[in-house]
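Structure record follows, encoded as structure tokens.
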Amino acid sequence: MLPAMIKSLPEWLQRALRNRVFLMSLALAAMVVGLAWSYLQNDFHRGQLDPKIPFQIYVPPEAPDYRKAESWFLNPAIARYSADPRKVDVFFIHATSYNGGGGWLAPIDKGSAVREVEQVQLPNYAGPFAIGGNIYAPKYRQASLFTQLTGREDARQAREFAYIDIDAAFERFLKSRKGGKGFVIVGLEQGALLAQKLIRTRVVSDPELKAQLVAVYLLESLVPEEINGKSYLDLPACAARVQTGCVVAYQTVASEEPESLLLLLRRGVYWNEAGYLEALDSRPAICVNPLTGAAGGGGVDEKASLGATNATGLEWGTPPALIPHKVSARCLRGLLTVDKPSSPAFKGADTWEGARKVNSYNLFYGDLQADFQARVDLFRARPEKN
1 MLPAMIKSLP EWLQRALRNR VFLMSLALAA MVVGLAWSYL QNDFHRGQLD PKIPFQIYVP
61 PEAPDYRKAE SWFLNPAIAR YSADPRKVDV FFIHATSYNG GGGWLAPIDK GSAVREVEQV
121 QLPNYAGPFA IGGNIYAPKY RQASLFTQLT GREDARQARE FAYIDIDAAF ERFLKSRKGG
181 KGFVIVGLEQ GALLAQKLIR TRVVSDPELK AQLVAVYLLE SLVPEEINGK SYLDLPACAA
241 RVQTGCVVAY QTVASEEPES LLLLLRRGVY WNEAGYLEAL DSRPAICVNP LTGAAGGGGV
301 DEKASLGATN ATGLEWGTPP ALIPHKVSAR CLRGLLTVDK PSSPAFKGAD TWEGARKVNS
361 YNLFYGDLQA DFQARVDLFR ARPEKN
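The opening position of the sequence shown corresponds to residue 1 in my numbering, with each subsequent residue numbered one higher.
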């Protein structure tokens, strides 16, 4: 019927309509091809990272010995320098740096994975806690990036396995630190997921340890507020910077990359009561805006930002240059939506794998630094209990 209608129109209008239909058909075809290519590309990369061996018969790499310096990225207790008694101790758990392909878990001496932590993650994400903190950062047999890109049971088992090392490293941390002056736990992405179990099983169940906890920072991680009507971590989300014993947690989503939202939600998991990982599904997540140190609330504009930075490649201990007043953020449905600077220093990753790991920059470096120091000062100001 439509062609007959077109034929009844003036010739110039017929040509315009045909051209418009052609262009719309071309655009639709291009979109379909683009989506198909995206799916094929994803399948190709996932296939390259698949260990192609069931985790049940996989032989894990050798376990780290946390009495030795080579099992730590940073540990002032066994390094050439001593812990500063004026600082609090910080237990830092790094994010995924091993893509996969060769195995479900990374050996702690895997060169490329080690370099990524040393050159990217430590300067950008442990750095904000270094001025007022003694950083203890263990190496561990991390689960590969592939384990986060599939719902297979053996992938979850690999992610659960990684906690064995974190538990052992934390035990050594407790024996090494001087104790009694407060400590902080910082987890980044995969490290934040492992930190959640550490808090649930080791910290909140021990009144003495819980009393020494200054704060918890779970960065780039979806952390449920409640499970079955009960507080998930048995610690409150931080309501202000004048608070200790609370949780700063957020998962960022760039406002110009809304398509990453579904990927993040699909990857969300939590530890159930039996100690195994389950899908987070639609459970509300904690969102503490690092620009304010408070949970929820409305959007915060760039005037509040204390400094973003790209510290990648800086030698440990070198303070990076901060760019203030360039980042805005708001909590929306449990996710932190951010607008970042247009500088090339904050551009996305160049590789498919890199786009699925933590950024090589920190939009909230200065804000986390100030947040940490405020909570430490408040903790120290508390009267000593006899």
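Cβ atoms here follow ideal geometry from the backbone N, Cα and C, with glycine treated the same way.
Query	Result
Residues near L378 in its chain [Cβ-Cβ closer than 7 Å; skip 5 each side]	V242 and T244
Other residues of its chain near P341: CB distance less than 6 Å, five sequence neighbours each side excluded	K326
Cβ-based burial, I286 [other Cβ within 10 Å; buried from 16]	buried
Beta-carbon gap between K178 and P85 smaller than 8 Å	yes
Residues that D339 bridges to, as DSSP identifies them	S328
Cα-Cα separation, W316 to V117	11 Å
C-alpha gap between Y58 and A155, whole angstroms	12 Å
Selected residue, minimal CA-CA separation from D165, among W104, Q212, V358 and I108	I108
Every unbroken alpha helix (DSSP H) inside the region 228–272 [4 residues or more]	260–267
Option in G103, P383 and R115 with minimal Cα separation from T147	G103
Whole beta strand (DSSP E) elements within the region 115–149, 3-residue minimum	133–138
Cβ contact (3+ pairs, closer than 8 Å) linking the region 178–193 and the region 207–219	yes
Near the ligand FMN: N289 beta-carbon under 7 Å from a heavy atom	Absence of the ligand FMN from the depicted structure is noted, as is the absence of any ligand whatsoever, leaving it without description.
Residue burial classification, D350 (beta-carbon count within 10 angstroms, cutoff 16)	exposed
Contact under 8 Å by Cβ, I323 with L194	no
CA-to-CA distance, Y361 to Q48, given in whole angstroms	27 Å
Inter-residue spacing [alpha-carbon to alpha-carbon] between K230 and T292	26 Å
Beta-carbon proximity of P61 to R141, cut-off 8 Å	yes
Cβ distance (whole Å) where V88 is taken to contact V204 below 8 Å	Not really, about 18 Å apart at Cβ, beyond 8 Å.
CB-CB length for I247 against L233, believed under 8 Å	The sequence shown places Val at residue 247, rather than the Ile named in the question. Right, the Cβ-Cβ distance comes to about 6 Å (below 8 Å), so this counts as a contact.
Buried/exposed call for R67, threshold 16 Cβ in 10 Å	exposed
First through last residue of the beta strand (DSSP E) which encompasses I185	F183 to L188
Sufficient close CB pairs (3 or more, under 8 Å) joining the region 206–213 to the region 268–279	no
Residue ranges of each beta strand (DSSP E) within the region 53–80, 3 or longer	72–74
CA-to-CA distance, S97 to A355, given in whole angstroms	12 Å
Exposure of G34, with buried meaning 16 or more beta-carbon neighbours within 10 Å	The predicted position of G34 is uncertain, since its pLDDT is 45 and thus under 50; a value taken from the coordinates is nonetheless stated next. That one is exposed.
From F161, L149 and F170, residue whose alpha carbon lies closest to that of S71	F170
Other residues of its chain near A374: CB distance less than 8 Å, five sequence neighbours each side excluded	R241, V242 and G293
Buried or exposed (CB count within 10 angstroms, at least 16 for buried), K357	buried
Contiguous alpha helix (DSSP H) assignments of at least 4 residues, all confined to the region 347–377	none
Check whether L74 and I131 have beta carbons under 8 Å apart	no
Supposed close pair P284, G334 - CB separation, criterion 8 Å	5 Å
Assumed close pair L314, D367 - CB separation to whole angstroms, cut-off 8 Å	Contact doesn't hold; Cβ gap of about 19 Å is too wide.
Local Cβ density within 10 Å of Q369, reported as buried at 16 or more and exposed below that	buried
Buried/exposed call for Y365, threshold 16 Cβ in 10 Å	buried
T312 vs N99 beta-carbon contact at 8 Å	no
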